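Engineer: Could you have a look at this structure, given as C-alpha cells, before my questions?
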Amino acid sequence: MQVLARVSSFNPFSTFFSHSVPVCTNLYNPQKYFKKRSLSCLMPVSPTVRTMALKFEVLGRCNRARASKLTLPHFECQTPLFMPVGTQGTIKGLTTSQLEDIGCHIILGNTYHLELRPGSELIDELGGLHNFMNWPRALLTDSGGFQMVSLLHLADITEKGVTFQNRIGADIIMALDDVVKTTVTGPRVEEAMYRTIRWIDRCIAAHRRPDEQNLFGIVQGGLDPDLRDICVKELVKRNLPGYAIGGLSGGEEKDSFWRVVAQCTAALPDDKPRYVMGVGYPLDIVVCSALGADMFDCVYPTRTARFGTALVPEGLLKLKHKVMASDMRPIDPECTCMVCKKYTRAYIHSLVTKDAMGSQLVSYHNLSYMMRFPKGDIPEWVCDAMEVACIDISTCCFPSKD
Ligand SMILES: [Zn+2]
Numbered sequence: 000m001q002v003l004a005r006v007s008s009f010n011p012f013s014t015f016f017s018h019s020v021p022v023c024t025n026l027y028n029p030q031k032y033f034k035k036r037s038l039s040c041l042m043p044v045s046p047t048v049r050t051m052a053l054k055f056e057v058l059g060r061c062n063r064a065r066a067s068k069l070t071l072p073h074f075e076c077q078t079p080l081f082m083p084v085g086t087q088g089t090i091k092g093l094t095t096s097q098l099e100d101i102g103c104h105i106i107l108g109n110t111y112h113l114e115l116r117p118g119s120e121l122i123d124e125l126g127g128l129h130n131f132m133n134w135p136r137a138l139l140t141d142s143g144g145f146q147m148v149s150l151l152h153l154a155d156i157t158e159k160g161v162t163f164q165n166r167i168g169a170d171i172i173m174a175l176d177d178v179v180k181t182t183v184t185g186p187r188v189e190e191a192m193y194r195t196i197r198w199i200d201r202c203i204a205a206h207r208r209p210d211e212q213n214l215f216g217i218v219q220g221g222l223d224p225d226l227r228d229i230c231v232k233e234l235v236k237r238n239l240p241g242y243a244i245g246g247l248s249g250g251e252e253k254d255s256f257w258r259v260v261a262q263c264t265a266a267l268p269d270d271k272p273r274y275v276m277g278v279g280y281p282l283d284i285v286v287c288s289a290l291g292a293d294m295f296d297c298v299y300p301t302r303t304a305r306f307g308t309a310l311v312p313e314g315l316l317k318l319k320h321k322v323m324a325s326d327m328r329p330i331d332p333e334c335t336c337m338v339c340k341k342y343t344r345a346y347i348h349s350l351v352t353k354d355a356m357g358s359q360l361v362s363y364h365n366l367s368y369m370m371r372f373p374k375g376d377i378p379e380w381v382c383d384a385m386e387v388a389c390i391d392i393s394t395c396c397f398p399s400k401d
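Numbering that gives the first Met the number 0 applies: residue 0 is where the sequence shown begins, and numbers increase by one.
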C-alpha cells in the first residue's frame, strides 16, 4: 500500500537509522505553529551525555526523529521504545521470560500499588523489584502521586513517593507532578504547572540514590504553549537525566496533542531521553517518534487484550465475535510472534474472557505488535505532524485523484 511505503521511510522500530543519516535542513519553525511566542530554549546539541546512572547516545537521525542507545544500570535499551505497564510487578498473565522474548527493554511498575502490596520496605529487603519479580532488564516506576493524593497528607507526598521509589530500585524514577486533565482550562492548569516545578526540587532533595537511579522531571502545562514553555525551561535548569511530557492522552483533540509534543520535544535537551507519558496507540507512537520523542508507555495493548481485542494492521480484531469460532487463521497472518505462529483465531475465541490463557495469548501478540511498526490509513492530523517532523507523506493523506 502506497501509504505504508511512504510512512515506512520513517520507521522508529527498524534499523532504518544509521550514523550517516543526514540532519534535516528544513528546520522546524515553531513560529508557524505557536504564534504566541518563539521557542528560545533549544539546547546545544551534544551526541552523548553521561550521568552517574544513565548514558544516552544518539545513533542516527531522520530529521527530528532519532534512534538512540539508552544505557541504564540494568539494561542497554534501544529507542524509540514502548514500555508495557505492570501494575503490581507483573504484566498480567505474562512471564518475564516471555517479555524478554517479545523484545521489551523496560517495563513500568506502579509505585502506589507496589507500596500497598507487598510494600516497598519488603521489596527493598528482598533485594529490590528486579530480584523480586525476576526481571533482569530495566524498570521504571511512576511517582505514585496520582493515587496517593487522595490518601496521604499532601505535604508528605513528594518525599514519600521518592523514598518508596528509592526502595523499589527501578532504573528510572518519576518525579511527582500535579496532573490536570487536558480538557480542564483556566487557573487550575497554571497552578498545577507551578506546583510541579516546586515539587521537582523536593524530589531532587529527597532522592537518595542518584548514582543508581535516574530521576526524570515531568513537563506539565496542559494545552497552553506558554505554560509548557515555562515548565520546560525550569526543568531543564535542573539538569535532570531525562524528561517526560505529561498530562496528555486525557481526551484532548489529536491536533492539540501532537502540537504539545512537537513544542516540548523541540525545547527539551537533544542529549537527554524524552518520554511521552501514557501514549499510546500505535499511530500516536509513530507521530511522537517522528517529532523526536524516545519513550512511551500505555496500558492499552494489555487492557484491550483482556477484553479479547487484538491489534492488527487493519485496526482491531474482536476475537469474541462469533465469526472467529471457525476461523483457522492466526490473529495476524503477517505477524511472526509465537502466538501467531502456533494458535488460531478459533482456539483463542474459545478461551477469551473464559480462561486466563485467552488474555495471555492476546496480550503476548498485542505487546509484540507494539514493538513493531503499525500500519493503516493515515488521518490528516498525522500528515500535519509529519510535516513539522520534515517527513512528507502528503500524497498519502488525501484520496488519489486517479
Ligand atoms: Zn502475533
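Heads up, the beta-carbon is just placed ideally off N, CA and C, and yes, glycines get one too. Here the structure is a predicted model, which means the values were calculated and not measured.
Is there contact between the region 199 to 209 and the region 245 to 260, where contact requires at least three CB pairs shorter than 8 Å?
Structural biologist: Contact between the region 199 to 209 and the region 245 to 260 is absent, because fewer than three Cβ pairs lie under 8 Å.
Engineer: Quick check on the DSSP output: what are the complete alpha helix (DSSP H) runs of length 4 or more inside the region 257 to 310, in order along the chain?
Structural biologist: Here the runs fully enclosed are 281 to 289, 299 to 305.
Engineer: Out of 120, 319, 108, 317, state which residue places its alpha-carbon closest to the alpha-carbon of residue 172.
Structural biologist: Among 120, 319, 108, 317, the Cα nearest to that of residue 172 is on 108.
Engineer: Please work out which residues of its chain come closer than 7 Å, Cβ to Cβ, to residue 72, disregarding the five sequence neighbours upstream and downstream, and give them in chain order.
Structural biologist: Hits under 7 Å: 52, 170, 211.
Engineer: Find out if the Cβ-Cβ distance for the pair residue 327, residue 343 is shorter than 8 Å.
Structural biologist: Going by C-beta atoms, residue 327 is nearer than 8 Å to residue 343.
Engineer: For residue 128, which of 269, 110, 364 has the nearest alpha-carbon?
Structural biologist: When only C-alpha atoms are compared, the closest one is 110.
Engineer: Is the CB-CB distance between residue 276 and residue 245 below 8 Å?
Structural biologist: Going by C-beta atoms, residue 276 is nearer than 8 Å to residue 245.
Engineer: Taking 8 Å as the cut-off, decide whether the C-beta atoms of residue 363 and residue 337 are in contact.
Structural biologist: In contact: residue 363 and residue 337 (Cβ atoms closer than 8 Å).
Engineer: Have a look at residue 366 and residue 95 and give me their C-alpha separation to the nearest angstrom.
Structural biologist: Distance between the alpha carbons of residue 366 and residue 95: 13 Å.
Engineer: Just grab the DSSP bridge partners of residue 67 for me.
Structural biologist: DSSP lists 57, 78 as partners of residue 67.
Engineer: List the DSSP bridge partners of residue 83.
Structural biologist: Answer is 297.
Engineer: Identify the residues that DSSP records as bridge partners of residue 205: which are they?
Structural biologist: Residue 205 pairs with nothing; no bridge assigned.
Engineer: Going straight from the alpha carbon of residue 124 to that of residue 130, what length do you get?
Structural biologist: Each residue's alpha carbon lies about 10 Å from the other.
Engineer: Just list the residues that DSSP pairs residue 137 with in beta bridges.
Structural biologist: The partner list for residue 137 (beta bridge, DSSP) reads 105.
Engineer: Residues in the same chain with beta-carbon distance under 8 Å from residue 360, minus the five sequence neighbours each way, listed in chain order, please.
Structural biologist: Hits under 8 Å: 338, 342, 347, 350.
Engineer: Within its chain, find whatever has a CB closer than 7 Å to the CB of residue 302; leave out the 5 residues flanking it on each side and keep chain order.
Structural biologist: Contacts found: none.
Engineer: What are the boundary residues of the beta strand (DSSP E) that residue 249 is part of?
Structural biologist: Run containing residue 249: none; DSSP gives neither H nor E here.
Engineer: According to the Cβ coordinates, are residue 137 and residue 76 closer than 8 Å?
Structural biologist: Cβ atoms of residue 137 and residue 76: closer than 8 Å.
Engineer: In chain order, which beta strand (DSSP E) runs of at least 3 residues are fully inside the region 172 to 236?
Structural biologist: Qualifying beta strand (DSSP E) stretches, in chain order: 213 to 218.
Engineer: Between which two residues does the beta strand (DSSP E) harbouring residue 317 extend?
Structural biologist: 314 to 317 is the span of the beta strand (DSSP E), which, as asked, contains residue 317.
Engineer: How close, in whole Å, do the beta carbons of residue 368 and residue 334 come, if the pair is a contact with beta carbons under 8 Å?
Structural biologist: The pair is a contact, with the Cβ atoms about 7 Å apart (cut-off 8 Å).
Engineer: Can you tell me which residues fall inside 6 Å of ligand 1, judged by beta-carbon distance to its nearest heavy atom, and keep chain order?
Structural biologist: Spelled out in chain order, the answer is 330, 331, 334, 336, 338, 339, 364, 367.
Engineer: Can you tell me whether residue 215 is buried or exposed? The criterion is at least 16 other CB atoms within 10 Å of its CB, across all chains shown.
Structural biologist: Looking at its Cβ environment, which holds 16 or more other Cβ atoms inside 10 Å, residue 215 is buried.
Engineer: If you draw a straight line from the alpha carbon of residue 354 to that of residue 304, how long is it in whole angstroms?
Structural biologist: So the two alpha carbons sit approximately 13 Å from each other.
Engineer: Quick check on residue 163: buried or exposed, where buried means 16 or more other Cβ atoms within 10 Å of its Cβ?
Structural biologist: Per the 10 Å Cβ criterion, buried.
Engineer: Should residue 143 be labelled buried (16 or more other beta-carbon atoms within 10 Å of its own) or exposed?
Structural biologist: Residue 143 comes out buried.
Engineer: Look up residue 243 in the DSSP assignment and say whether it is helix, strand or coil.
Structural biologist: Looking at residue 243 - three-state DSSP - the assignment turns out to be strand.
Engineer: Whose CA, out of 60, 64, 54, 263, lies closest to the CA of residue 471?
Structural biologist: No information on residue 471 is available, as it lies outside the stretch 0 to 401 that the chain covers here.
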